[in-house]
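Enquirer: Would you mind keeping the following structure in view while I ask a few things?
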Amino acid sequence: MVKSLLDEVMTVSLRRGILYPSAEIYGGLAGFYDFGPIGARIRNNLIALWRNRFIERRDIVYEISGNTILPSPVFKASGHLDHFTDPSAECQKGHVSRIDQLIEEKLQIHAEGKSNKELAEIIAQNKIRCPVCGDPLGEVKSFGLMFGTNVGGERRQAFLRPETAQNIFLGFKRVQTATRAKLPFGVAQIGRSYRNEISPRQSIVRVREFSQMEIEYFIDPNQMNECPFFEELSGIKLNLVTQEEQEKAAKKKSTDYSSIQVTVKDAYEKKYVPNQWMACTLGDEVVFFQELGIPENAVRFRHMRPEETPHYSGGNFDLEILFSFGWKEVIGNAYRQDHDLRSHMNGSKKDLSLELEGKKIIPHVIEPSFGIDRMIYAILEHTYRPKNKSRGWSWFQFPVNLAPYHAVILPLLNRPELEEAARRLYQQCKLQGHSILYDDRGRIGRRYARADEIGIPKAVTIDPQTLDDQTATIRDRDTAQQTRHLLSEISILLKP
RNA sequence: GCGCUGUUGGUCUAGUGGCUAGGACUCCAGCCUGCCACGCUGGGUGCCCGGGUUCAAAUCCCGGACAGCGCACCA
Numbered sequence: 061m062v063k064s065l066l067d068e069v070m071t072v073s074l075r076r077g078i079l080y081p082s083a084e085i086y087g088g089l090a091g092f093y094d095f096g097p098i099g100a101r102i103r104n105n106l107i108a109l110w111r112n113r114f115i116e117r118r119d120i121v122y123e124i125s126g127n128t129i130l131p132s133p134v135f136k137a138s139g140h141l142d143h144f145t146d147p148s149a150e151c152q153k154g155h156v157s158r159i160d161q162l163i164e165e166k167l168q169i170h171a172e173g174k175s176n177k178e179l180a181e182i183i184a185q186n187k188i189r190c191p192v193c194g195d196p197l198g199e200v201k202s203f204g205l206m207f208g209t210n211v212g213g214e215r216r217q218a219f220l221r222p223e224t225a226q227n228i229f230l231g232f233k234r235v236q237t238a239t240r241a242k243l244p245f246g247v248a249q250i251g252r253s254y255r256n257e258i259s260p261r262q263s264i265v266r267v268r269e270f271s272q273m274e275i276e277y278f279i280d281p282n283q284m285n286e287c288p289f290f291e292e293l294s295g296i297k298l299n300l301v302t303q304e305e306q307e308k309a310a311k312k313k314s315t316d317y318s319s320i321q322v323t324v325k326d327a328y329e330k331k332y333v334p335n336q337w338m339a340c341t342l343g344d345e346v347v348f349f350q351e352l353g354i355p356e357n358a359v360r361f362r363h364m365r366p367e368e369t370p371h372y373s374g375g376n377f378d379l380e381i382l383f384s385f386g387w388k389e390v391i392g393n394a395y396r397q398d399h400d401l402r403s404h405m406n407g408s409k410k411d412l413s414l415e416l417e418g419k420k421i422i423p424h425v426i427e428p429s430f431g432i433d434r435m436i437y438a439i440l441e442h443t444y445r446p447k448n449k450s451r452g453w454s455w456f457q458f459p460v461n462l463a464p465y466h467a468v469i470l471p472l473l474n475r476p477e478l479e480e481a482a483r484r485l486y487q488q489c490k491l492q493g494h495s496i497l498y499d500d501r502g503r504i505g506r507r508y509a510r511a512d513e514i515g516i517p518k519a520v521t522i523d524p525q526t527l528d529d530q531t532a533t534i535r536d537r538d539t540a541q542q543t544r545h546l547l548s549e550i551s552i553l554l555k556p
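Heads up, the first sequence is in the numbering used here, so the first residue is 61 and it goes up one at a time.
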């Protein structure tokens, strides 16, 4: 039997503690995964790289950390309560049916976007019954894609946030006054979000609890084409799937899109993207994905078709990654204009505008939203190296900054003096700030294999010669070649 | 959510209505060992869950959970 890449990656992930189903000993829960000791390290490293690139390296981005439970009015204002739902009805036997879908199927009419009342009338007029058992259908209700809960003694209705973004808009005024930030500036957040997906799929690519890294860039609407990063990023090449290309493919009933390659500069100047800020946002992401070890031809931006985006969108561009099961969204880049702040102004009756040169303005928003779990899975697939003739085991070619450990330290033989020297080097490297693993169990070949399997880039072996001349060998994961160095130089050589 | 297929130690798997469910690798202990999971000995862990049929179920039936795929969904 030929195993799929997903099977292979998941097998290693389970065996080596990268990730596994949540509550596995109780049979698991669909759409929920835990990260194990190795996966958690990779995840932490990914977050650190992101934080470094998008927050620390820039002076204008502020990170907050918001709660995952938010009161119901937030989602009334954001539109999630009204739109983030599927109309459903239950028959007496308890079969739940998607009503809009059922109507479209039975009557061949367009039902999407109709209210529950309208749908109920159509059901009654056409005597539509439960497709499973034929019983009459009950009341049409909205099956929310948000997880709901109740808070406190008064059972106040609340929801688990379906995106991290809302906290940023809610705290916008606080953040701005506290930091005295001037436009343009960004507010970032890393955290968990929850969506009660109908059918989770493909390992951690579509799950019900997931993590996001998001930035809302707040920009003076008159300065959408004055991005401070433009010069730095203008030469970056973007693979772009245009709307025209998608229309062309749709005529051939195909979703096999080809992309064009344009620089950030051209994307802006030739108006492939709505503004300079969007062009730069996409360029930034290309550079970031290069750092993660994902090949350039497996990354593309798809200009979302109008029917895929909300009415207030000024243009959305999904960063898609080519997985073994096709292209999937990993980052959503949205030009949300002033919709969110305006909605919360209406909902909360609070003024969220800023004063600029004596005039009140509502900033426009560019929102890149990174899916952490999907990125991790993308990294796993794209850095996975199956076993072959020259190496009898599979391994991950993680970039050093993502690898769970910088190096593993191995005494070649089980002799006290070798172990002592190895332990000393281990402590020394740790003091230098390296994440290091120590392994003295089993034969040396197995230890190399174990280290490769979780993508540790270097293996330092202490052998009898070490005791004579204070040198040790460094084995490179990618080439399996060994070089000998002075112990005193090893820590520096392990630096990423 | 619907449909198809599947679920046997940590991983991969063999298997039949009936003796203590077999193997490989991993793992653990010990010995050996001067470098790529491939030296020796010993050891541990398993039939997804719940019902039913049967003298007897890991095996047959029903239901459920979970997974992969297709459809749908993914403001």
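Glycine included, each C-beta is placed from N, C-alpha and C at the ideal position.
Which residues does DSSP list as the beta-bridge partners of Lys-419?
Expert: Along the first sequence, one-based indexing puts residue 419 at 359. Lys-419 is bridged to Leu-416.
Enquirer: Just list the alpha helix (DSSP H) runs in the stretch 210-251, keeping only unbroken ones of 4 residues or longer that don't cross its boundaries, in chain order.
Expert: DSSP assignment within the stretch 210-251 yields the following whole alpha helix (DSSP H) runs of 4 residues or more, N-terminal first: 225-230 and 232-239.
Enquirer: In its own chain, which residues sit with a C-beta less than 8 Å from the C-beta of Glu-223, not counting the 5 before and 5 after it?
Expert: As a position in the first sequence, residue 223 is number 163, starting the count at 1. Excluding sequence neighbours, Glu-223 sits near Ser-253, Gln-272, Glu-274 and Ser-429.
Enquirer: Count Cβ pairs between the stretch 127-136 and the stretch 105-118 that sit closer than 8 Å; are there 3 or more?
Expert: no
Enquirer: Using C-beta distances below 8 Å, list every residue in its chain close to Asn-256, excluding the 5 sequence neighbours before and after it, in chain order.
Expert: In the first sequence, the residue the question calls residue 256 occupies position 196. Taken in chain order, the residues that qualify are Gly-204, Leu-205, Met-206, Phe-207 and Arg-268.
Enquirer: Let me check one thing: in DSSP terms, what residues is Asn-393 bridge-paired to?
Expert: Counting from 1 along the first sequence, the entry for residue 393 is found at position 333. Asn-393 is bridged to Phe-377 and Pro-428.
Enquirer: Tell me whether Arg-484 sits in a helix, a strand or coil according to DSSP, three-state version.
Expert: To locate residue 484, count along the first sequence from 1; it is residue 424. Arg-484 falls in the helix class under three-state DSSP.
Enquirer: Mark Ala-519 as exposed unless 16 or more other C-beta atoms lie within 10 angstroms of its C-beta, in which case mark it buried.
Expert: As a first step, residue 519 must be located in the first sequence, where it is residue number 459. Ala-519 comes out buried.
Enquirer: To which residues of the same chain is Glu-477 closer than 8 Å at the C-beta, ignoring the five residues directly before and after it?
Expert: Residue 477 sits at position 417 when you count from the first residue of the first sequence. If we look at Glu-477 and ignore the five residues flanking it on each side, its Cβ neighbours are Leu-527.
Enquirer: Assess, as a yes-or-no matter, whether the stretch 391-410 is touched by the stretch 446-453 under the definition of 3 or more beta carbon pairs within less than 8 Å.
Expert: Too few Cβ pairs lie closer than 8 Å, so no.
Enquirer: In chain order, what residues of the same chain have a beta carbon less than 6 Å from the beta carbon of Leu-352, not counting five sequence neighbours either side?
Expert: Translated into positions along the first sequence, residue 352 becomes position 292. Counting only Cβ-Cβ distances below 6 Å, and skipping sequence neighbours, we find Ile-439.
Enquirer: Start and end of the beta strand (DSSP E) containing His-545?
Expert: Here residue 545 corresponds to residue number 485 of the first sequence, with the count starting at 1. Element bounds for His-545: 542-546.
Enquirer: Name, in chain order, the residues that DSSP records as bridge partners for Trp-455.
Expert: Counted from its first residue, the first sequence places residue 455 at position 395. According to DSSP, which records beta bridges pairwise, Trp-455 is partnered with Arg-445.
Enquirer: Tell me where the beta strand (DSSP E) around Leu-298 begins and ends.
Expert: As a first step, residue 298 must be located in the first sequence, where it is residue number 238. Start and end: 297-301.
Enquirer: Between Tyr-277, Gln-226, Pro-459 and Gly-431, which lies nearest to Ile-354 when the distance is taken from Cα to Cα?
Expert: The count along the first sequence starts at 1 and reaches residue 354 at position 294. Among Tyr-277, Gln-226, Pro-459 and Gly-431, the Cα nearest to that of Ile-354 is on Pro-459.
Enquirer: How would you write the range of the alpha helix (DSSP H) that Met-70 sits in, first residue to last?
Expert: Translated into positions along the first sequence, residue 70 becomes position 10. In the DSSP assignment, Met-70 falls within the unbroken alpha helix (DSSP H) covering 65-76.
Enquirer: Can you give me the C-alpha to C-alpha distance between Asp-512 and Ile-381, rounded to a whole angstrom?
Expert: Position 452 of the first sequence holds residue 512. Position 321 of the first sequence holds residue 381. Taking the straight line joining both Cα atoms gives about 25 Å.
Enquirer: DSSP three-state label for Leu-382, please.
Expert: As a working mapping, residue 382 is identified with position 322 in the first sequence. Residue state, collapsed to three classes: strand.
Enquirer: Classify Ala-238 as buried or exposed, calling it buried when 16 or more other Cβ atoms lie within 10 Å of its own Cβ.
Expert: Looking up residue 238 in the first sequence gives position 178. By the neighbour-count rule (16 or more Cβ atoms within 10 Å), Ala-238 is not buried but exposed.
Enquirer: Keeping to the same chain, check which residues put their C-beta closer than 8 Å to that of Gly-91; ignore five residues upstream and five downstream.
Expert: Reading the first sequence from its first residue, position 31 is the one you call residue 91. Within the same chain, Gly-91 has close Cβ partners Glu-257, Pro-260, Arg-266, Val-267, Arg-268 and Glu-269.
Enquirer: Can you find at least 3 beta carbon pairs, one from the stretch 327-341 and one from the stretch 388-395, that sit closer than 8 Å?
Expert: yes
Enquirer: In the structure shown, what three-state DSSP assignment does Glu-274 receive?
Expert: Locating residue 274 in the first sequence gives position 214, where the first residue counts as 1. Three-state DSSP puts Glu-274 in a strand.
Enquirer: Tell me which residue opens and which closes the beta strand (DSSP E) that Glu-123 is part of.
Expert: Within the first sequence, residue 123 is the residue found at index 63, counting from 1. It spans 121-124 - the beta strand (DSSP E) in which Glu-123 sits, taken as one unbroken run.
Enquirer: Applying the 10 Å Cβ sphere with the 16-neighbour rule, what's the burial state of Thr-315?
Expert: Residue mapping note: residue 315 aligns to position 255 of the first sequence, counting from 1. By the neighbour-count rule (16 or more Cβ atoms within 10 Å), Thr-315 is not buried but exposed.
Enquirer: Just to confirm, are Pro-464 and Ile-98 a CB contact at a threshold of 8 Å?
Expert: Counting from 1 along the first sequence, the entry for residue 464 is found at position 404. Counting from 1 along the first sequence, the entry for residue 98 is found at position 38. Yes. Within cutoff.
Enquirer: What's the call for Val-468, buried or exposed, on a 16-neighbour Cβ count within 10 Å?
Expert: For the purposes of this step, residue 468 is taken as the residue at position 408 of the first sequence. Flag for Val-468 reads buried.
Enquirer: Mind checking Val-371: buried by the 16 CB within 10 Å criterion, or exposed?
Expert: Walking along the first sequence from the start, residue 371 turns up at place 311. With the sequence shown as reference, residue 371 is identified as His, and Val is not the correct amino acid for it. It is exposed - the Cβ of His-371 has fewer than 16 other Cβ atoms within 10 Å.
Enquirer: Put Thr-526 into one of helix, strand or coil per three-state DSSP.
Expert: By 1-based counting over the first sequence, the position of residue 526 is 466. Correct three-state label for Thr-526: helix.
Enquirer: Could you give the residue range of the beta strand (DSSP E) that holds Pro-131?
Expert: Within the first sequence, numbered from 1, the residue matching residue 131 stands at position 71. Boundaries of the beta strand (DSSP E) around Pro-131: 129-131.
Enquirer: According to DSSP, what are the bridge partners of Glu-269?
Expert: Along the first sequence, read from residue 1 onward, the residue named residue 269 stands at position 209. Paired residues: Tyr-254.
Enquirer: What does a CB cutoff of less than 8 Å around Asp-499 pick up in its chain, not counting 5 residues either side in sequence?
Expert: For the purposes of this step, residue 499 is identified with residue 439 of the first sequence, where counting begins at 1. Same-chain partners within the cutoff: Val-468, Ile-469, Leu-470, Arg-507, Arg-510 and Ala-511.
Enquirer: Determine whether the beta carbon atoms of His-424 and Met-338 lie at a separation below 8 Å.
Expert: One-based indexing of the first sequence puts residue 424 at position 364. One-based indexing of the first sequence puts residue 338 at position 278. No, the pair does not count as a contact, with Cβ atoms beyond the cut-off.
Enquirer: Please list, in chain order, all residues of the same chain as Met-61 whose beta carbon is under 6 Å from its beta carbon, the five residues on each side excluded.
Expert: Position 1 of the first sequence holds residue 61. Per-residue confidence for Met-61 stands at a pLDDT of 46, beneath the threshold of 50, marking its modelled position as unreliable; no derived number is given.
Enquirer: According to DSSP, is Asp-536 helix, strand or coil?
Expert: Start at 1 with the first residue of the first sequence, and residue 536 comes out as number 476. In the structure shown, Asp-536 adopts extended strand secondary structure according to DSSP, grouped into three states.
Enquirer: Is it true that the CB of Pro-288 sits closer than 8 Å to the CB of Ile-24?
Expert: The first residue shown for the chain is 61 and the last is 556, placing residue 24 beyond what the model contains.
Enquirer: At the level of alpha carbons, what is the spacing between Gly-375 and Ile-522?
Expert: The count along the first sequence starts at 1 and reaches residue 375 at position 315. The count along the first sequence starts at 1 and reaches residue 522 at position 462. About 57 Å.
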